[in-house]
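Input: a single structure, listed below in structure tokens.
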DNA sequence: GACTACCTGTACCAGGTGGTACATGTACCA
DNA sequence: TGGTACATGTACCACCTGGTACAGGTAGTC
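Chains as they are written, first to last, in my numbering: chain P, 1 to 185; chain H, 1 to 185.
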């Protein structure tokens, strides 16, 4: 992957995150300070470009989870993860994530592989995290699915309303319920 | 609203739910058994059509909550709500909901009002439901936001994977945690 | 029959679409 | 010096886009 291409892809991700994915090659290219000819040259086609953008966004998302410091005390892991995920700097990225998600649900070209791993690929790492948190094995699968849903649902709330305080409070409430749940069952 | 228009709108919602919203007026019209001329005639423009579709989908979603039988025992309300929300017949509608959501996040024309109420308009009714469930007032706001996120997150999971059993288990787990939480705090 | 309101088909338009052909520029390496 | 690989600009293409003009059709009312 050449440098010019990397630069264009970064700029495309950034711009699409801020302005939506519904542009023609020409308007997008102009916004990126290049010509539509160059986008075709580097990515082959419009579909090729969008595919790469989707791949890149998913890659960045996953990085947030895998980069977690495993030496952290288990009870802080979830909070650190959440804080990272909701970092202001990532906000546009998260928004784009849901935009692409929507397009993928509609069967947009080049986004099928996006859907394939969007749930399943996250369950295993989350289950591993839950194990460290002391969640009993019989609850881990459902709990992981639930945790993923909570994260996605609250993230969707955050990119919609921008009400960080309220969303954080809801996450805090979830973690409290989760802990109370362990003690009981 | 004339009958022909209602018929077209219904058909449009149905078709877009199944095949995505990224069509030209012509392909959409052909699929609906009419001509793009008719869509313009009845809805004024493409944007007008999409606006009406979004409005209709949101209206149908909200109906699921407001139609709940208020004489039901509180502990069953949540489950009945969830069962209705995840009804097979509504599946396409839920999928379309997330497609439109994504487009709205990207700033698509005619979808701005969709975003306005998509969180806030749900919080009050959910809080009312939580009150009936016996959630103490000081936790109700966060709990409502959390409940909404869980529903949206698991619904997103459902329309992605179609794995009803796993998603139901996660919801069941959430309700369990919720009950355990009340007893403690 | 005449008038009216709603509906629909045909034909067309200007502008935008993704994609291509071809010529050129630039930089590094032999 | 020439060659080669990457990069870029210009001009063009066939096609599709949303939207419009216009001419009817159909049904009910007076």
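Glycine included, each C-beta is placed from N, C-alpha and C at the ideal position.
For chain H, is any of its Cβ atoms less than 8 angstroms away from the one on residue 22 of chain P? Within the first chain, the letter at position 22 stands for residue 22 of chain P. Taking Cβ atoms only, chain H reaches closer than 8 angstroms to residue 22 of chain P, which makes this a yes.
Do residue 58 of chain P and residue 114 of chain P have their CB atoms nearer than 8 angstroms? Position 58 of the first chain, counting from 1, holds the residue named residue 58 of chain P. Position 114 of the first chain, counting from 1, holds the residue named residue 114 of chain P. Judged by beta-carbon spacing, residue 114 of chain P lies within the 8 angstroms limit of residue 58 of chain P, meaning their Cβ atoms are closer than that value.
Which residue comes first and which comes last in the alpha helix (DSSP H) that contains residue 94 of chain H? Here residue 94 of chain H is taken as the residue at index 94 of the second chain, counted from 1. Where residue 94 of chain H is concerned, the enclosing alpha helix (DSSP H) stretches over 91–105.
CB-CB length for residue 129 of chain H against residue 50 of chain H, believed under 8 angstroms: Counting from one through the second chain, the residue named residue 129 of chain H turns up at place 129. Counting from one through the second chain, the residue named residue 50 of chain H turns up at place 50. In fact, because the Cβ distance is near 32 angstroms, the residues do not count as touching under 8 angstroms.
Where does residue 86 of chain H fall in DSSP's three states? Taking the second chain and counting its residues from 1, the one referred to as residue 86 of chain H is at position 86. Three-state result, residue 86 of chain H: coil.
What does the Cβ neighbour count give for residue 94 of chain P, buried or exposed, with the cut at 16 atoms within 10 Å? Translated into the one-based positions of the first chain, residue 94 of chain P becomes position 94. With 16 or more other Cβ atoms within 10 Å, it is buried.
Where the alpha helix (DSSP H) through residue 58 of chain H begins and ends: If you number the second chain from 1, residue 58 of chain H lands on position 58. Secondary structure note for residue 58 of chain H: its alpha helix (DSSP H) is the uninterrupted segment 46–66.
I'd like to know whether the C-beta of residue 111 of chain H is nearer than 8 angstroms to at least one C-beta of chain P. Taking the first residue of the second chain as 1, we reach residue 111 of chain H at position 111. At a cut-off of 8 angstroms between C-beta atoms, residue 111 of chain H does not count as an interface residue with respect to chain P.
Three or more C-beta pairs under 8 angstroms: does that hold for the segment 165–180 of chain P against the segment 11–19 of chain H? Flag = no, the segment 165–180 of chain P and the segment 11–19 of chain H do not touch.
Give a yes or no on whether 8 angstroms exceeds the smallest Cβ distance from residue 187 of chain P to chain H. No information on residue 187 of chain P is available, as it lies outside the stretch 1 to 185 that chain P covers here.
When you check each C-beta in the segment 37–48 of chain P against every C-beta of chain H, which residues fall closer than 9 angstroms? So the list is empty, because no residue satisfies the distance condition.
Using the C-alpha atoms, what's the distance from residue 38 of chain P back to residue 28 of chain P? As a first step, residue 28 of chain P must be located in the first chain, where it is residue number 28. As a first step, residue 38 of chain P must be located in the first chain, where it is residue number 38. C-alpha separation (whole angstroms): 11 angstroms.
Run down chain H in chain order and give the residues with a C-beta less than 7 angstroms from the C-beta of residue 106 of chain P. Against the first chain, residue 106 of chain P aligns to sequence position 106. Result: 20, 21, 22, 99.
Contact between the segment 120–127 of chain H and the segment 60–80 of chain H is defined here as three or more beta-carbon pairs at a separation below 8 angstroms; is this criterion met? Cβ pair count under 8 angstroms is three or more, so yes.
Straight-line gap, residue 88 of chain H to residue 2 of chain H (C-alpha atoms, nearest Å): Translated into positions along the second chain, residue 88 of chain H becomes position 88. Translated into positions along the second chain, residue 2 of chain H becomes position 2. Each residue's alpha carbon lies about 29 angstroms from the other.
Alpha helix (DSSP H) containing residue 127 of chain H: first to last residue? To locate residue 127 of chain H, count along the second chain from 1; it is residue 127. It spans 120–133 - the alpha helix (DSSP H) in which residue 127 of chain H sits, taken as one unbroken run.
Cβ closer than 7 angstroms: which chain P residues qualify as neighbours of residue 173 of chain H? What you label residue 173 of chain H is simply residue 173 of the second chain in a count that begins at 1. Those within 7 angstroms of residue 173 of chain H in chain P are 139, 142, 143, 146.
Chain H partners of residue 89 of chain P, CB-CB under 8 angstroms? Taking the first chain and counting its residues from 1, one reaches residue 89 of chain P at position 89. Simply none; closest approach about 18 angstroms.
What's the C-alpha gap between residue 147 of chain P and residue 116 of chain H? As a working mapping, residue 147 of chain P is identified with position 147 in the first chain. As a working mapping, residue 116 of chain H is identified with position 116 in the second chain. Rounded to whole angstroms, the separation of the alpha carbons of residue 116 of chain H and residue 147 of chain P is 26 angstroms.
Under 8 angstroms between C-beta atoms of residue 153 of chain H and residue 152 of chain P: Against the second chain, residue 153 of chain H aligns to sequence position 153. Against the first chain, residue 152 of chain P aligns to sequence position 152. Note that the C-beta distance between residue 153 of chain H and residue 152 of chain P is below 8 angstroms.
Hey, how far is the Cα of residue 141 of chain P from the Cα of residue 167 of chain H? Within the first chain, the letter at position 141 stands for residue 141 of chain P. Within the second chain, the letter at position 167 stands for residue 167 of chain H. Going by the C-alpha atoms only, they are around 10 angstroms apart.
For chain H, check one thing: does any of its Cβ atoms lie closer than 8 angstroms to the Cβ of residue 169 of chain P? For this step, residue 169 of chain P is matched to residue 169 along the first chain. Interface residue, yes.
Could you say which of H:24, H:55, H:54 lies nearest to residue 40 of chain H if we only look at CA atoms? Start at 1 with the first residue of the second chain, and residue 40 of chain H comes out as number 40. Selected option, being the one with the closest Cα: H:24.
Among P:150, P:145, P:162, P:101, the one whose alpha carbon lies nearest that of residue 55 of chain P: Position 55 of the first chain, counted from the start, is the residue given in the question as residue 55 of chain P. Checked all of P:150, P:145, P:162, P:101; the closest Cα to residue 55 of chain P is P:101.
Contacts that residue 152 of chain P makes with chain H (C-beta to C-beta distance below 7 angstroms): Taking the first residue of the first chain as position 1, residue 152 of chain P is located at position 152. Going along chain H in sequence order, the residues near residue 152 of chain P (Cβ under 7 angstroms) are 153, 156.
If I follow the unbroken alpha helix (DSSP H) through residue 10 of chain H, where does it start and stop? Translated into positions along the second chain, residue 10 of chain H becomes position 10. First-last of the alpha helix (DSSP H) with residue 10 of chain H: 3–19.
With a Cβ-Cβ cutoff of 8 angstroms, do residue 170 of chain H and residue 112 of chain P count as a contact? Translated into positions along the second chain, residue 170 of chain H becomes position 170. Translated into positions along the first chain, residue 112 of chain P becomes position 112. Their beta carbons are not under 8 angstroms apart, which means residue 170 of chain H does not touch residue 112 of chain P by this criterion.
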